[in-house]
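Residue numbers (the numbering used here): 438 to 603.
We put the CB at the ideal spot given by N, CA and C, even for glycine.
Data block below; observations after.
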Amino acid sequence: MITVICGTNRKGSRTRNIVFYYRDELLKMGEHPQVLLPEGIDLNKRTPELQKVEEEMLIPSDKFIFILPEYNGSFPGAIKTLIDMCRVPECFYGKKALLTGVADGRAGNLRGMEHFTGILNHMKVIVHPDKLPISVLKKLVNKEGDLMDEETKKVIEKQLKEFLDF
438 MITVICGTNR KGSRTRNIVF YYRDELLKMG EHPQVLLPEG IDLNKRTPEL
488 QKVEEEMLIP SDKFIFILPE YNGSFPGAIK TLIDMCRVPE CFYGKKALLT
538 GVADGRAGNL RGMEHFTGIL NHMKVIVHPD KLPISVLKKL VNKEGDLMDE
588 ETKKVIEKQL KEFLDF
């Protein structure tokens, strides 16, 4: 099972739209991914809601796709806090991950993806080498936040096909 994880808990973020774009592409490829949006989860303690996320989404998954927006030169603290509240060995050890960075700037969160790769490696997660930086996101989406750039769509499709074979 594949779980697509939104790297921010900010409501209304464009990252969320990219998460759903990835989900829709996986559905077209015959997969049945889950989507984890941390925006409604209390990340400050181990709540029954978080335990349900672990049991129903994280533990059963063998692959994760993290969509990571750039926050202050790296990734959002919300995703790190989510991981910190989880039972890491059960949720992550030996599993695989794909990373995509999104930013309105020109680097597509390259630095944040590298920081996050180090954390995932520490948790014994195998990270796919094709990390996709999506830069100037605000120019690639319409006013509703839907991805419109055809070249970016092609690169995402290629990235996903590689990850499915990984």
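Just reading off the beta strand (DSSP E) that residue i is part of, what are its end residues?
i, result
"P570", "569 to 571"
"G538", "533 to 539"
Measuring only the C-alpha atoms, how far is residue i from residue j?
i, j, result
"D602", "S498", "16 Å"
"N466", "K590", "Residue identity differs from the one stated: residue 466 is Met in this sequence, not Asn. Computed Cα separation, rounded: 14 Å."
"V441", "L519", "14 Å"
"M494", "V525", "13 Å"
"G510", "L597", "25 Å"
"E599", "V592", "11 Å"
"L474", "K576", "24 Å"
"P513", "G531", "24 Å"
"S572", "E527", "34 Å"
Give me the DSSP bridge partner(s) of residue i.
i, result
"C443", "I504"
"L577", "According to DSSP, L577 bridges with nothing at all."
"V564", "A534"
"L584", "V578"
Looking at the secondary structure, which residues open and close the alpha helix (DSSP H) in which residue i lies?
i, result
"I593", "587 to 602"
"L557", "547 to 559"
"L495", "Per DSSP, L495 belongs to no alpha helix (DSSP H) and is neither H nor E."
Alpha helix (DSSP H) runs contained entirely in the segment 443 to 480, provided each spans 4 or more residues: 451 to 465
Sufficient close CB pairs (3 or more, under 8 Å) joining the segment 474 to 481 to the segment 541 to 549: no
Sequence ranges, alpha helix (DSSP H) only - wholly within the segment 505 to 531, length at least 4: Inside the segment 505 to 531, DSSP marks whole alpha helix (DSSP H) runs of 4 or more residues at positions 514 to 522, 525 to 529, from first to last along the chain.
Given 8 Å, three or more beta-carbon pairs between the segment 444 to 455 and the segment 535 to 543: Under the three-pair Cβ rule at 8 Å, the segment 444 to 455 counts as touching the segment 535 to 543.
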